[in-house]
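For reference, the structure discussed in these notes is given below.
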């Protein structure tokens, strides 16, 4: 039996490289997948539905879309919070607005999606997996706004895991290093791409954590770093 047979899984950041790979992987594992993104989702497949133009930094928009999904599909069993973004800039030369921007697209999108999904996840003893970052534990130069926001995702994960224990809602986060995407290859052309974690490898871990096989794991911050 596939890991996610019969499960309703919501994937935020569905338009991106990791989001699209996660959708394909979850479908292959037997799930019905609902994708959410602010951008236009052009992914089409059996047992998939996309919701485009959704601003997950907005509480009302987040609540509305998750309510619609729960009503249409009858349940939500898992949430993969992939929506987010990255910036590199030093404190001296960077924009002060970047700190707010990183908080909004990394922490606020995750917290709003979690809050909106919780009523359904509580009923289904569901699973949440957030995308943190290995660099949040030891930030390099220029990683301040991004690493700080991803540290916020880690603490959101730990706190929500404690809140969800009574209802058997498991909440975990994966901490990738550099993900092997076309954008990262373009930005770091001299790097050893073979050492990076691939979107498929990361998606496999996400699917495991969303499955009943991982029901004993909650509050974990799991490095998925390839060979970096």
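Numbering (the numbering used here), first residue to last: 421 to 648. Using N, Cα and C, we set each Cβ at its ideal position, and we do this for glycine too.
- Query: Ordered along the chain, which non-local residues of its own chain (more than five positions away) have a Cβ less than 6 Å from that of residue 569?
  - Reply: The residue you call residue 569 lines up with position 149 of the chain shown. Once the five neighbours on either side are set aside, the close Cβ partners of residue 569 are 522, 523, 526 and 527.
- 7 Å Cβ shell around residue 465 - same chain, five flanking residues per side excluded: Along the chain shown, one-based indexing puts residue 465 at 45. The residues are 447.
- Message: Measuring alpha carbon to alpha carbon, tell me which residue in 501, 500 and 519 is nearest residue 508.
- Response: Your numbering for residue 508 matches position 88 in the chain shown. Residue 519 is the option with its Cα nearest to residue 508.
- Query: Which partner residues of residue 636 appear in the DSSP bridge assignment?
  - Reply: Residue mapping note: residue 636 aligns to position 216 of the chain shown, counting from 1. Per DSSP, none; premise fails for residue 636.
- In chain order, which continuous runs of the beta strand (DSSP E) of length 3 or greater are located wholly inside the region 442 to 510? 452 to 456, 468 to 471 and 498 to 501
- Task: With DSSP as the reference, label residue 593 as helix, strand or coil.
- Result: For the purposes of this step, residue 593 is taken as the residue at position 173 of the chain shown. In this structure, residue 593 counts as strand in the three-state DSSP scheme.
- Message: Alpha carbons only, please: which of 632, 625 and 647 is nearest the one belonging to residue 438?
- Response: Along the chain shown, read from residue 1 onward, the residue named residue 438 stands at position 18. The option with the nearest alpha carbon to residue 438 is 625.
- Message: Count Cβ pairs between the region 618 to 634 and the region 428 to 443 that sit closer than 8 Å; are there 3 or more?
- Response: yes
- Message: Tell me which residues share the same chain as residue 594 and place their Cβ nearer than 7 Å to its Cβ, disregarding the 5 neighbours each side in the sequence.
- Response: Taking the first residue of the chain shown as position 1, residue 594 is located at position 174. Once the five neighbours on either side are set aside, the close Cβ partners of residue 594 are 549, 551, 552, 622, 625, 626, 642 and 644.
- Find out if the Cβ-Cβ distance for the pair residue 430, residue 496 is shorter than 8 Å. For the purposes of this step, residue 430 is identified with residue 10 of the chain shown, where counting begins at 1. For the purposes of this step, residue 496 is identified with residue 76 of the chain shown, where counting begins at 1. In terms of Cβ geometry, residue 430 and residue 496 form a close pair [threshold 8 Å].
- Message: Along the chain, where does the alpha helix (DSSP H) containing residue 650 start, and where does it finish?
- Response: It is not possible to answer for residue 650, since the shown part of the chain is limited to 421 through 648.
- Go through its chain and collect everything with a Cβ distance to residue 576's Cβ below 8 Å, but skip five positions before and after it. Looking up residue 576 in the chain shown gives position 156. So the qualifying residues of the chain are 527, 530, 531, 534 and 550.
- Task: Tell me whether residue 602 is buried or exposed, calling it buried when 16 or more other Cβ atoms sit within 10 Å of its Cβ.
- Result: The count along the chain shown starts at 1 and reaches residue 602 at position 182. Exposed, by the Cβ-count rule.
- Pick from 538, 567 and 490: whose alpha carbon is nearest that of residue 506? Translated into positions along the chain shown, residue 506 becomes position 86. Considering only alpha carbons, the answer is 567.
- Task: Go through its chain and collect everything with a Cβ distance to residue 485's Cβ below 7 Å, but skip five positions before and after it.
- Result: Here residue 485 refers to the residue found at position 65 of the chain shown. Closer than 7 Å at Cβ, skipping near neighbours: 456, 471 and 474.
- Between the Cα of residue 617 and the Cα atoms of 599, 565, 503 and 468, which residue gives the shortest distance? One-based indexing of the chain shown puts residue 617 at position 197. Residue 599 is the option with its Cα nearest to residue 617.
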